[in-house]
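Here the structure comes first, spelled out in structure tokens, and everything after it is commentary.
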Amino acid sequence: MSGSGPHKTTIREATCRVKYDMTGPDAGQIHFVTAMAPVKVVVVGAGVIGLSTAVCLAENLPNCSVTIVSQHLSPNTTSDGAAGILITTEFPDVPVDRQLRWFKDTFDHLLAIAESSEAGKAGVFLSTGCQIFKEVPRDKKPYWSDVVLGFRTLTERELKRFPHHKFGHAFTTLKCECMSYLPWLEKRFRNAGGMIIQEKVTDLRSLASHFDIVINCSGLGCCSFLEDVDVEPIRGQVVHLHAPWVKNFIRDADGKTYIYPGMNSVILGGTRQVGDWRLEVDEVDRQGILARCCSLEPSLRGGHILREWVGLRPGRRSPRVEKEQIQLQDGRKVPVIHNYGHGGNGVTLSWGTALNVLRLVSQCIQHPPISRL
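Just so you know, the sequence shown maps onto residues 1 to 373 in UniProt numbering.
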């Protein structure tokens, strides 16, 4: 129609199953398909958790149609500003072997990309550096040490660079730049037949009425439709610096100070301000970040600021990756699988928790819930 913009797909349209006859007496007619229809799966959220989950489902479950519904898409997600270095922490409420599987699955997935011709397009590459401690940690070898490459303890000579620190590790890990990685994942998802709808979700029950399985990867967005008192924002502020001579990462084990060289800038961080919803750049935080990072790497004083970023990580005591059910007014029971609350470990655990969701969805398909008629 003249003067009209591009048509925006709605949830109702996305969930209609149709067949278009090309031959026979009914050629050109549209018929609704009721038999052998694909399982309709919706993923809420299009950050690194949502996109990773959607790709895993779309590529591995040919009997499913997968739709993403999200208010924000790249480059406007929290994930787009993530530092993206694969270093994880230990969560108190998740068995260590499960955490290790999440981390290893993600590391192996991204390492394969880093070693492929897609590395540049996806923004994934190897990064070598060190993590340092102000006090000697109780566990000198973290559970993920055998997953990263070349893990070792810093020598006394190496530690002399950091006079306020008493211990450190050196290793090679991976860095994933989401400004490149998310569009790359989105393209991969669409190539697998996935559909994306840009729309805010305010009620999972209403959304579930259009789908067979709901996957909640909404991060902090779940605060608007889910009663989870453990979810809270963790404000993060970073500085992108032009300092191309800095090649190796340095991370203070407290997670508040880090230097991560990237493809086009060096990311300096950061802040971990729990319960803080501010999205404006804070001058005091900026000065603190620069001072702390320059104390670890004095050569940074010769760089210049390219840009700054503030985002709200979806904080939670431990990530929530589990299945439950909601019952609709018509008696139908719909599986809801949660995959959120990764905090600052979103990129680090993204593919591993996505594969965890894939296993849960497969169980739902094999053993669908019995509805009350």
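Built from N, CA and C at the ideal position, the CB exists for glycine as well.
For residue i, count neighbouring C-beta atoms within 10 Å of its own C-beta (all shown protein chains included) and say buried if the count is 16 or more, exposed if not.
| i | result |
| --- | --- |
| PRO319 | buried |
| ASN63 | exposed |
| ARG316 | buried |
| ILE305 | exposed |
| VAL266 | buried |
| PHE171 | buried |
| LEU279 | exposed |
| VAL201 | buried |
| ARG152 | exposed |
| SER117 | exposed |
| ASN356 | buried |
| ASP97 | exposed |
| PRO244 | exposed |
| LYS175 | buried |
| GLU232 | buried |
| TRP277 | exposed |
| GLU324 | exposed |
| VAL42 | buried |
Any heavy atom of the ligand MG closer than 8 angstroms to the beta-carbon of residue i?
| i | result |
| --- | --- |
| ALA114 | Summarising the ligand content, the structure contains no ligands, and the ligand MG is consequently not present. |
Which residue wins for smallest C-alpha separation from residue i, given the options the options?
| i | options | result |
| --- | --- | --- |
| GLN329 | SER265, HIS240, SER206 and VAL321 | SER206 |
| GLY302 | TRP309, GLU308 and CYS293 | CYS293 |
| VAL55 | ILE213, GLY194 and GLU324 | GLY194 |
| GLY120 | THR257, GLU177 and ALA170 | GLU177 |
| MET179 | PRO75, LEU220, LYS187 and LEU296 | PRO75 |
| LEU154 | TYR260, VAL334 and LYS140 | LYS140 |
| VAL44 | GLU59, LEU61, HIS72 and PRO38 | HIS72 |
| ARG157 | LEU174, GLY352 and PHE167 | PHE167 |
| ASP254 | LEU61, TRP184 and LYS134 | LYS134 |
| ASP228 | GLY123, ASN339, ASP146 and ILE196 | ASN339 |
| GLU115 | THR173, VAL48 and GLU59 | THR173 |
| LEU358 | ASP80, TRP102 and GLY81 | TRP102 |
| ASN264 | GLY311, ILE87 and LYS247 | LYS247 |
Check for me: the alpha helix (DSSP H) holding residue i runs from which residue to which?
| i | result |
| --- | --- |
| TRP184 | 178-191 |
| ARG205 | 204-208 |
| ILE305 | Element bounds for ILE305: not the alpha helix (DSSP H) but the beta strand (DSSP E), 304-315. |
| VAL357 | 346-366 |
| GLU232 | Run containing GLU232: none in the alpha helix (DSSP H); it sits in the beta strand (DSSP E), 232-242. |
| ASN60 | 48-60 |
| GLN99 | 96-114 |
For the beta strand (DSSP E) containing residue i, name the first residue and the last one.
| i | result |
| --- | --- |
| ASP252 | 249-252 |
| THR128 | 124-133 |
| GLN287 | Where GLN287 is concerned, there is no enclosing beta strand (DSSP E), although the alpha helix (DSSP H) it sits in stretches over 283-296. |
| ASN339 | 333-340 |
| GLU199 | Where GLU199 is concerned, there is no enclosing beta strand (DSSP E), given that its DSSP letter is neither H nor E. |
One question on the structure: do residue i and residue j come within less than 9 angstroms of each other, judged by their Cβ atoms?
| i | j | result |
| --- | --- | --- |
| LEU159 | ILE132 | yes |
| ILE337 | VAL321 | yes |
| HIS240 | TRP309 | yes |
| ASP230 | GLY341 | yes |
| GLY269 | GLY236 | yes |
| ARG188 | ILE234 | no |
| HIS169 | PRO142 | yes |
| TYR260 | ILE113 | no |
| THR78 | SER70 | no |
| TYR181 | GLY219 | no |
| residue 383 | THR257 | Because the chain in this structure spans residues 1 to 373, residue 383 falls outside the shown range and cannot be described. |
| ILE197 | VAL238 | no |
Using a C-beta cutoff of 9 angstroms, does residue i count as contacting chain B?
| i | result |
| --- | --- |
| ALA170 | No chain B is part of this structure, which consists of one protein chain only. |
(message) Across the region 123-131 and the region 356-369, are there enough close Cβ pairs to call them in contact, namely three or more that are closer than 8 angstroms?
(response) no
(message) Under 8 angstroms, with one C-beta from each stretch per pair, do the region 65-75 and the region 107-126 reach the 3-pair mark?
(response) no
(message) Check whether the region 214-224 and the region 84-94 are in contact - that is, three or more C-beta pairs closer than 8 angstroms.
(response) no
(message) Below 8 angstroms, how does it come out for the region 208-215 and the region 277-293: are there three or more Cβ pairs, yes or no?
(response) no
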